[in-house]
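Notes follow the structure.
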Ligand SMILES: N[C@@H](CCC(=O)N[C@@H](CS)C(=O)NCC(=O)O)C(=O)O
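In my numbering, the protein residues as written are 65 to 281.
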């Protein structure tokens, strides 16, 4: 059975958007897997993979890290059902993946980072604070104070996603890895935050509900 090294925070919650992508792909392909929890300061558990980020999978001795590499590996090793169902879709999904990583996550993180921090295990809190404050160039308290200011930027990005979904059930028409990418994003936020995301985006809300039902996750 595949072992997935998965980020864990307090109460064994699993927030990582990238790990959720892998869980969505494995679930869709009906490939059995178990998870190995890794907290922010337990990177020694990942030494075997030669890097320090999750997700990592171990599949009968094959080690693959990075959600995109894992998606490609799974499509080759477990081809049905397909996540890149036709010519050019893999390349389009790569573009969508990068858009989600940068634009979508970039707009959400400043709104929800303190909700994530509230769920980080006590032993990981210093690491998380130092790492994120360096990344954003301000303290978590300064980010919290700008939450209302940052919210409209988040809603502008969610509106772009909403506009894409008008008249179609999935981002590229049929279900593809693009949907699993964004599914991971909303699992990330909703696992640790009560921030309302879908109040102004009914199509996106319907898509989100459809994805959860389809995957049972
Ligand atoms: N591009 C990578 C990103 C992986 C990544 O950044 N994972 C986060 C979890 S969401 C991580 O390992 N964070 C550990 C840390 O911040 O120390 C992918 O798609 O898998």
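The beta-carbon is built from N, C-alpha and C at its ideal position, and this holds for glycine as well.
Along the length of the stretch 72-130, whole alpha helix (DSSP H) runs at least 4 residues long occupy 81-92, reported in chain order.
Within the same chain, no Cβ atom closer than 6 Å to the Cβ of residue 76 is found once the five residues on either side in sequence are excluded. Distance from the C-beta of residue 119 to the nearest heavy atom of ligand 1 is below 8 Å. Look at residue 104: its beta carbon is less than 8 Å from one of the heavy atoms in ligand 1. Between residue 92 and residue 83, the alpha-carbon positions lie close to 14 Å from each other. A residue is called buried when at least 16 other Cβ atoms come within 10 angstroms of its Cβ; residue 71 meets this threshold and is buried.
Going by beta carbons, residue 138 and residue 86 fall inside the 9 Å limit.
DSSP places residue 229 inside the alpha helix (DSSP H), whose first and last residues are 211-229. Taking all protein chains in view, the Cβ of residue 251 is crowded by 16 or more other Cβ atoms within 10 Å, so the residue is classified as buried. Between residue 171 and residue 214, the C-beta spacing is below 9 Å.
The distance from the Cβ of residue 66 to that of residue 121 is about 5 Å, consistent with a contact at the 8 Å cut-off.
By the Cβ-count criterion, residue 81 is buried, with 16 or more other Cβ atoms from all chains shown falling within 10 Å of its own Cβ. Remark: fewer than three beta-carbon pairs, one from each stretch, lie closer than 8 Å, so the stretch 215-225 and the stretch 127-136 are not flagged as touching.
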